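First up is the structure itself, then whatever we jot down about it.
2 protein chains.
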Amino acid sequence: MSAHIFVVEDEKPILTLLTYNLEKEGYKVSSSSNGEEALSLIKEKKPDLVLLDWMLPDLSGIKICQYLKQDEKVKNIPIIMLTAKGEEEDKVKGLNTGAEDYMTKPFSFPELLARIKSLLKRVKPNIVSEEATYLDLKIDRESMKVFRKEKEISLGPKEYKLLDFLIKQPKRVYSREQLLEQVWGDDINVESRTVDVHITRLRQSINIEGAKPLIRTVRSAGYSLEN
Amino acid sequence: MSAHIFVVEDEKPILTLLTYNLEKEGYKVSSSSNGEEALSLIKEKKPDLVLLDWMLPDLSGIKICQYLKQDEKVKNIPIIMLTAKGEEEDKVKGLNTGAEDYMTKPFSFPELLARIKSLLKRVKPNIVSEEATYLDLKIDRESMKVFRKEKEISLGPKEYKLLDFLIKQPKRVYSREQLLEQVWGDDINVESRTVDVHITRLRQSINIEGAKPLIRTVRSAGYSLEN
DNA sequence: GAGTAATGTTACAGATTTGTTAAATATTTA
DNA sequence: TAAATATTTAACAAATCTGTAACATTACTC
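Chains S and F, in that order, give the protein sequences.
Note that the numbering used here has the first sequence beginning at 1, numbered continuously upward.
Note that the numbering used here has the second sequence beginning at 1001, numbered continuously upward.
Okay, here's the thing in structure tokens:
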């Protein structure tokens, strides 16, 4: 059951190479070398992931990215931005393009592949079921209740959202920035230390006498739901 | 009491796979690979849910869908349309097929299962029985009377509709927006805080000396019928 | 058409949650 | 071991959210 990747790339050799390699990996590939066209095709086809060249003749990658991220129906499709080394590199880093990741050309295909896989993995669990469990922790999204060892736990809204997010991929380590983006929301302006505080509060809430702690701190990296 | 799922699918391997997996999940499965036949079988058997392939040799999925949705007796049976990725996908989305959901082949079975469960859950209460109860609260839809502990309670029209809706899925938390949409109606232009006021009024009405309160507030999320 | 009931809005008090800060701990590095 | 770096936690002020009374408007009843 292969994922569908959409490539937006102006330079023919690169496009050919990408398509060839991605298909060899078993992905379904669609492409366009024209910004406007790409935009409408992506909205129409809803691929699982977009590779987006920064430099396009008609519409810059950043614009496409912005348009896509504004559209409710496709905003969840992850985007990897492809930039030329040098001039534009820093801009891309600096600007908040909304892209999930970026790579600088020339890049190694294995690395790109690794990032693609990682992104696809992250997006998959969007198939949200009504109940999620991790060990003795359970969250029922229908009633919005949380249980530890069958005992109900009361959480504030932020802590609930935080747990709801973490439990989608237990053991995965998220940076503070990722958590802010996913749990707090995109535009919001909050110190990254604030995450610490909420993690602490969540820890205290889900903590139970004689049970293992469920949130792991990964120094200088972030947090994960794990014991 | 397991749900009964009817699969309309032309491609043998897919049909076999679906049947096998669904039965493993405990569902009762019937099927047909022929449009005309499916149509009459569905009307006859009245399954709880239909999986409907878009491409059939004799009668297109969309036609079947339309026929079913026109028939008073089966129009409430939810339909999940199965479409091939690519060509027909957009048509299905765009056209108002009347299907409750659709999935694009190839799909992941767990995802399909999640959607099936969600639909069954959502639709089950639509098979509205004349009476619904939650604990000591009873609503008789025929006479439009509400009782708490055998004692009749008088509710205004809005409060009645609100309770009628909430009691379909007790414990499920609904946002103010959902309630507005479901109880007030789609287009209507009402402040979301208005819901609060009606919740308060409903609370007061169904409240009885020495009985538990029956409506739960979930801060920053909404309300549910529960104590 | 007067009287009654139902509905939607607003304002405000009270409750809860949140973000920030700073000090205390913990961990890593030199 | 000391210094540097990172995390935990308590405390507090600010922000957000909810419940409800009061009132204006609309809809209904007789």
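Just so it is clear, CB atoms sit at the ideal spot from N, CA and C, and this is done for glycine as well.
The structure displayed is predicted, hence computed values, not measured ones.
Contacts around residue i, its chain only, beta-carbon distance under 7 angstroms, and the 5 residues preceding and following it disregarded
i: S/E23; result: V29
i: S/D53; result: V8, E9, D10, G61 and L82
i: F/K1145; result: E1152
i: F/S1192; result: R1176, E1177 and L1180
i: S/L112; result: M103
i: S/D71; result: K43
i: F/P1217; result: Note that residue 1217 of chain F corresponds to Thr in the displayed sequence, not to Pro. Result list for F/T1217: Y1223, in chain order.
i: S/S33; result: E9, D10 and L15
Residue burial classification, residue i (beta-carbon count within 10 angstroms, cutoff 16)
i: F/G1185; result: exposed
i: S/M81; result: buried
i: F/S1108; result: exposed
i: S/K161; result: buried
i: F/L1155; result: buried
i: S/A38; result: buried
i: F/G1035; result: buried
i: F/P1170; result: buried
i: F/E1150; result: exposed
i: S/G210; result: exposed
i: S/L15; result: buried
i: F/V1195; result: buried
i: F/G1094; result: In this prediction, F/G1094 scores a pLDDT of 40, lower than 50, which makes its location untrustworthy; no coordinate-derived value is stated.
i: S/V183; result: buried
i: F/G1222; result: buried
i: F/L1017; result: exposed
i: F/V1190; result: exposed
Short CB-CB distance (under 8 angstroms) between residue i and chain S
i: F/R1201; result: no
i: F/D1196; result: no
i: F/N1126; result: Its pLDDT being 49, under 50, F/N1126 is placed unreliably in this model, and the value from its coordinates should be taken loosely. No - not a single Cβ of chain S is within 8 angstroms of the one on F/N1126.
Sub-8 angstroms separation of residue i and residue j beta-carbons
i: F/Y1134; j: F/I1167; result: yes
i: S/S224; j: S/R172; result: yes
i: F/K1121; j: F/E1131; result: no
i: S/K63; j: S/A84; result: no
i: F/S1040; j: F/F1006; result: no
i: F/K1073; j: F/K1117; result: no
i: S/I215; j: S/R201; result: no
Cβ neighbours of residue i in the same chain (closer than 6 angstroms, five flanking residues each side left out)
i: F/A1099; result: C1065, I1079 and M1081
i: F/H1004; result: K1028, P1047 and D1048
i: F/K1158; result: H1198
i: F/K1075; result: K1069
i: S/K212; result: N227
i: F/R1141; result: E1130
i: F/F1165; result: Q1182 and V1183
i: F/I1208; result: R1148
8 angstroms Cβ cutoff, residue i in contact with chain F
i: S/P47; result: no
i: S/P268; result: Since the first and last residues shown for chain S are 1 and 227, residue 268 of chain S lies out of range.
i: S/E142; result: yes
Contact test: residue i Cβ vs the ligand COA heavy atom, cutoff 7 angstroms
i: S/T104; result: Among the ligands in the structure shown, none appear at all, so the ligand COA cannot be discussed.
Same chain only: Cβ atoms within 8 angstroms of residue i, ignoring 5 sequence neighbours per side
i: F/R1019; result: The displayed chain sequence assigns Thr, not Arg, to residue 1019 of chain F. Result list for F/T1019: V1007, V1029 and S1031, in chain order.
i: F/K1045; result: H1004, F1006 and S1030
i: S/R115; result: I80, D101 and M103
i: S/R219; result: none
i: S/E25; result: L113
query = Taking Cβ-Cβ distances below 7 angstroms as the criterion, which residues of the stretch 1164-1193 of chain F are in contact with chain S?
reply = K1171, R1172 and V1173
request  = Check each residue of the stretch 1198-1225 of chain F: if its Cβ is closer than 9 angstroms to any Cβ of chain S, include it; give the result in chain order.
outcome  = R1216, V1218, R1219, S1220, A1221, G1222 and S1224
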